[in-house]
Every structure is written in C-alpha cells, then in structure tokens.
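Visitor: Numbering (our numbering), first residue to last: 132 to 390. Built from N, CA and C at the ideal position, the CB exists for glycine as well. Before we start, here is the structure in question, set down as structure tokens.
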Ligand code: F6R
C-alpha cells in the first residue's frame with residue numbers, strides 16, 4: 132500500500148519531497164520528472180532550488196501532466212507558462228528537455244500520441260508529482276476515466292472549472308477541455324508522489340486511499356501502483372481512517388528506507 136506521511140505544514144511537505152528529488156537527481160542526472168501544476172506542488176517547487184544547490188540539473192528531463200486545450204501557450208495560466216515560471220526557470224533546467232502536452236496545435240490527438248512516445252523514448256517517468264482534485268481526479272482524469280487511459284482530451288467537470296477559476300480573471304475564462312496524461316500513463320511512472328493540502332482535499336484523499344478501487348474516484352488508481360508516497364497536511368488527512376497507523380509506521384520507519 133501507499134506510504135502516507137502526515138506533515139505539520141505544507142512547507143515541511145515541500146522540503147521532504149524536494150530533498151528526495153534532489154538525492155534522486157544527484158544519483159541519476161538524467162532523472163525524468165513528472166510535473167504537476169496547480170497550487171499543490173508549489174511548496175515542492177519553492178524548496179527545490181535550495182535542495183538542488185550544487186547539483187547538476189542540466190540533463191534532467193520533465194513531462195507535465197496536462198495542458199488546457201485552446202489556451203494560447205503564452206497565456207500566463209497555460210501550463211506551459213506555469214511550468215516555465217515555477218519549475219524550468221527557478222531550477223535552471225534545460226528548457227528543451229521539459230515538455231508539456233500540446234493543447235493548442237492543429238492535431239491534438241496526434242500530439243497526444245506523440246507525447247506518449249516521447250515519455251517512452253525518455254525511458255519513462257522516474258518520479259511523478261501528483262495533486263488531487265476535490266472530485267478525486269489526478270491529472271485531469273475526471274470521474275469515470277478508464278484506469279487504462281492514455282494521454283488524450285478530457286472535458287473538465289463544472290466542479291474542476293469552478294476550483295480553477297481562481298487562476299483566471301473570470302470563471303468563464305476557464306477552458307472546458309484539457310489534454311492530460313491518462314491513468315494508464317501515470318501508473319507507468321516508477322514512483323508516484325501524491326500531495327494534498329487543506330480541508331477541501333480530505334474527502335478526496337480518503338476516498339482515493341481507503342475507498343474502493345473505482346473509476347468514480349480516479350485517484351483510487353494509485354492503489355494499483357507498487358510505489359506510492361502520499362504527503363498530506365493534517366487538514367487533508369482529517370478523513371483518513373488509518374491515520375494513526377500511518378503515523379505509527381512513519382515514526383518507526385527504518386533509516387535505510389528512503390521515500
Ligand atoms: C494539475 C493537475 C491536477 C491538480 C488538481 C489539484 O497539473 O494535474 O490534477 O493537481 O486539480 O489542483 P490544486 O493543486 O490547484 O488544488
């Protein structure tokens with residue numbers, strides 16, 4: 132099952148994950164990172180420049196989870212812009228090695244297939260950072276998504292559009308569609324690191340980790356993966372039935388066992 136780590140603050144979670152990513156890159160300079168956007172990974176991205184000090188990142192490769200369809204890549208809220216602003220520039224990654232799905236080109240379906248091919252050609256994702264939506268989505272695999280799905284266009288739920296309206300001038304500006312890695316794509320990453328913060332994520336986290344495996348809760352797909360680390364704050368952990376066990380396991384974790 133997943134290892135669940137409950138941290139006192141978002142910054143503590145960010146530091147924990149950033150330190151692990153830094154040791155991964157130090158040992159393997161061509162690490163392939165799977166990059167989420169949105170608010171959740173921000174503490175990790177904030178902690179990474181410090182954690183990576185003195186480590187060569189020039190060969191690190193990255194693949195974003197998703198991109199809005201029909202939004203100009205130059206728009207400040209396109210995930211291309213967000214990844215450039217929050218990850219590529221502050222970490223000093225090589226821009227050509229960090230890819231984001233193409234949501235603006237003439238043939239998005241073909242571009243989605245090419246994205247899958249590019250991930251495979253890079254040798255697959257070593258560590259995939261994930262957030263979770265209040266409706267249980269990971270990537271933008273909304274409820275009902277197949278566990279076998281690959282990168283493709285998905286329609287956002289009204290709930291997700293409302294959740295993401297804070298990034299746009301007007302709620303109507305939130306695109307209706309995204310191109311997202313599928314659940315099948317995500318499950319092929321070698322290590323999944325799922326983060327969640329705040330009370331609004333408590334029910335989705337509990338359903339994903341402790342509820343039944345169901346397309347109704349796409350995040351429950353992580354139960355199929357052999358190496359998952361979940362890092363949550365107290366608020367996001369509030370509905371976890373086995374929280375005491377997770378705390379007990381983490382307190383008694385052997386030093387030799389990394390994330
Ligand atoms: C973003 C993504 C989404 C978000 C989720 C949570 O690339 O794939 O699954 O992780 O919508 O969003 P935040 O973090 O903004 O609450």
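Return yes when the C-beta of residue 170 is under 6 Å from any heavy atom of ligand 1, and no when it is not.
Guide: Yes - ligand 1 has a heavy atom lying nearer than 6 Å to the Cβ of residue 170.
Visitor: Whole angstroms are fine: how far does the CA of residue 385 sit from the CA of residue 318?
Guide: Across the structure, residue 318 and residue 385 are spaced so that their CA atoms are roughly 26 Å apart.
Visitor: What does the alpha-carbon distance come out to for the pair residue 292 and residue 264?
Guide: 11 Å
Visitor: Kindly identify the DSSP beta-bridge partner or partners of residue 136.
Guide: 362
Visitor: For residue 197, is the beta carbon positioned less than 6 Å from some heavy atom of ligand 1?
Guide: yes
Visitor: Looking at the structure shown, is residue 378 part of a helix, part of a strand, or coil, going by DSSP?
Guide: helix
Visitor: Mind the definition here: the region 142-156 touches the region 196-212 only if three or more C-beta pairs lie below 8 Å; say whether that holds.
Guide: no
Visitor: Does at least one heavy atom of ligand 1 sit under 6 Å from the Cβ of residue 167?
Guide: yes
Visitor: Extract the residue ranges of the beta strand (DSSP E) inside the region 290-341, only unbroken runs of 3 or more that lie entirely within it.
Guide: 308-311 and 322-327
Visitor: With H, G and I counted as helix, E and B as strand and the rest as coil, what does DSSP make of residue 190?
Guide: coil
Visitor: Taking the CB atoms as reference points, tell me whether residue 328 and residue 141 lie closer together than 7 Å.
Guide: Contact: yes.
Visitor: Would the beta-carbon of residue 236 be found less than 6 Å away from any heavy atom of ligand 1?
Guide: no
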